[in-house]
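Data first, discussion second: the structure below is written as structure tokens.
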Amino acid sequence: GEQVEQRPPHLSVPEGDSAVIICTYTDSATAYFYWYKQEPGAGLQLLMSVFSNVDRKEEQGLTVLLNKKDKQLSLNLTAAHPGDSAVYFCAVSENNNNRIFFGDGTQLVVKP
Amino acid sequence: ETAVFQTPNYHVTQVGNEVSFNCKQTLGHDTMYWYKQDSKKLLKIMFSYNNKQLIVNETVPRRFSPQSSDKAHLNLRIKSVEPEDSAVYLCASSYWGGQNTLYFGAGTRLSVL
Numbered sequence: 002g003e004q005v006e007q008r009p010p011h012l013s014v015p016e017g018d019s020a021v022i023i024c025t026y027t028d029s030a031t032a033y034f035y036w037y038k039q040e041p042g043a044g045l046q047l048l049m050s051v052f053s054n055v056d057r058k059e060e061q062g063l064t065v066l067l068n069k070k071d072k073q074l075s076l077n078l079t080a081a082h083p084g085d086s087a088v089y090f091c092a093v094s095e096n097n098n099n100r101i102f103f104g105d106g107t108q109l110v111v112k113p
Numbered sequence: 633e634t635a636v637f638q639t640p641n642y643h644v645t646q647v648g649n650e651v652s653f654n655c656k657q658t659l660g661h662d663t664m665y666w667y668k669q670d671s672k673k674l675l676k677i678m679f680s681y682n683n684k685q686l687i688v689n690e691t692v693p694r695r696f697s698p699q700s701s702d703k704a705h706l707n708l709r710i711k712s713v714e715p716e717d718s719a720v721y722l723c724a725s726s727y728w729g730g731q732n733t734l735y736f737g738a739g740t741r742l743s744v745l
């Protein structure tokens, strides 16, 4: 079955720096890719989703890169600010399959 | 804007008691889920329902039982709670199949004393 590994588990960056979180997956049939953000005391909030035909997607200071050859998905927060401090999760799913697989999460701290 | 509603937000109880958590979604989705999130933030799928039918029942102790009255509601009952049941229980919903983006509720934090 699908295995998703997410790294790093913890990440601390100064305000204004970029933060990069990487996930690797194992199943080449994986078709959909997601990044979620979880703030303290809240549920998971969808940040971005991409389909497998997209290599790069940018939205509001976030960049998602998809490397299908290496089965790697990354999230880059450019110019991070303290409000970005949260736990970030990647998730993947196959086409026409309702199984969704989550990474173990990355606790991001952005220091003022 | 929250469209998956969970109640209660918090619940403290003692070992052996029964608890029930409610979840309602107003997104028109046909599939709902319960996830357990432990103290290390790890997410584990417990159940998923599609149009009131149980689709996924991961290895979950039998004291956990989901209940769905319609596709917009999925409740979770725990008979005789154990200390290891202390966690955050997250409800989510989606459309079935394809790009099934999950939308989550804010969670119910259970503390078992």
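Chain order of the listed sequences is A and B.
Mind the numbering: the first sequence is residues 2 to 113 in this note's numbering, read in order.
Mind the numbering: the second sequence is residues 633 to 745 in this note's numbering, read in order.
Don't be surprised by glycine CBs; every beta carbon is placed ideally from N, CA and C.
Predicted model, so just to flag it, every value in this text is computed and none were measured.
Give a yes or no on contact between the region 653–666 of chain B and the region 698–705 of chain B, applying the rule of three or more CB pairs nearer than 8 Å.
Cβ pair count under 8 Å is three or more, so yes.
Can you list the residues of chain B that Asp28(A) reaches, using a CB-CB cut of under 9 Å?
In chain order: nothing, as chain B lies at least about 16 Å away.
Look at the alpha carbon of Gly17(A) and the alpha carbon of Pro9(A), and state the distance between them as a whole number of angstroms.
Answer to the nearest angstrom: the Cα atoms are 19 Å apart.
Compute the distance between the beta-carbons of Ser718(B) and Leu742(B), then report whether it is under 8 Å.
Cβ atoms of Ser718(B) and Leu742(B): closer than 8 Å.
Just how far apart, CA to CA, sit Ser725(B) and Gln731(B)?
Using only the alpha carbons, I get a separation of about 13 Å.
Helix, strand or coil: which one does DSSP assign to Pro698(B)?
DSSP places Pro698(B) in strand when its eight states are reduced to three.
Terminal residues of the continuous beta strand (DSSP E) containing Glu59(A)?
Counting along the chain, the beta strand (DSSP E) containing Glu59(A) begins and ends at 57–60.
Does Lys684(B) have its Cβ less than 8 Å from a Cβ in chain A?
Cβ-Cβ to chain A under 8 Å: no for Lys684(B).
I need the straight-line Cα distance from Arg709(B) to Val720(B), nearest angstrom please.
Going by the C-alpha atoms only, they are around 14 Å apart.
Out of Gly42(A), Asp85(A), Val65(A), Ala30(A), state which residue places its alpha-carbon closest to the alpha-carbon of Gly2(A).
With distances taken between Cα atoms, Gly2(A) lies closest to Ala30(A).
DSSP beta-bridge partners for Ala92(A)?
DSSP, once it has assigned bridges, lists Tyr35(A), Phe103(A) as partnering Ala92(A).
So, under 8 Å CB-CB, Cys24(A) and Gln7(A) are touching, yes? Tell me the CB distance rounded to an integer number of Å.
That pair is a contact at about 5 Å.
Which two residues bound the contiguous beta strand (DSSP E) that contains Tyr665(B)?
Segment 663–669, the beta strand (DSSP E) holding Tyr665(B).
Between Leu45(A) and Phe90(A), how many whole angstroms is the CB-CB distance? I'm expecting something under 8 Å.
That pair is a contact at about 6 Å.
Counting only Cβ pairs nearer than 7 Å, list the residues of chain B close to Ala20(A).
Near Ala20(A) there are no residues of chain B at all, since even the closest Cβ is about 17 Å away, more than 7 Å.
With three or more C-beta pairs closer than 8 Å as the rule, is the region 77–87 of chain A touching the region 56–67 of chain A?
Counting Cβ pairs under 8 Å, three or more are found: they touch.
Taking the beta strand (DSSP E) that Asn77(A) belongs to, which residues open and close that run?
That run of the beta strand (DSSP E) goes 73–78.
What does DSSP give as the partner residues of Leu12(A) in its beta bridges?
Note: Leu12(A) sits in a beta bridge opposite Leu109(A).
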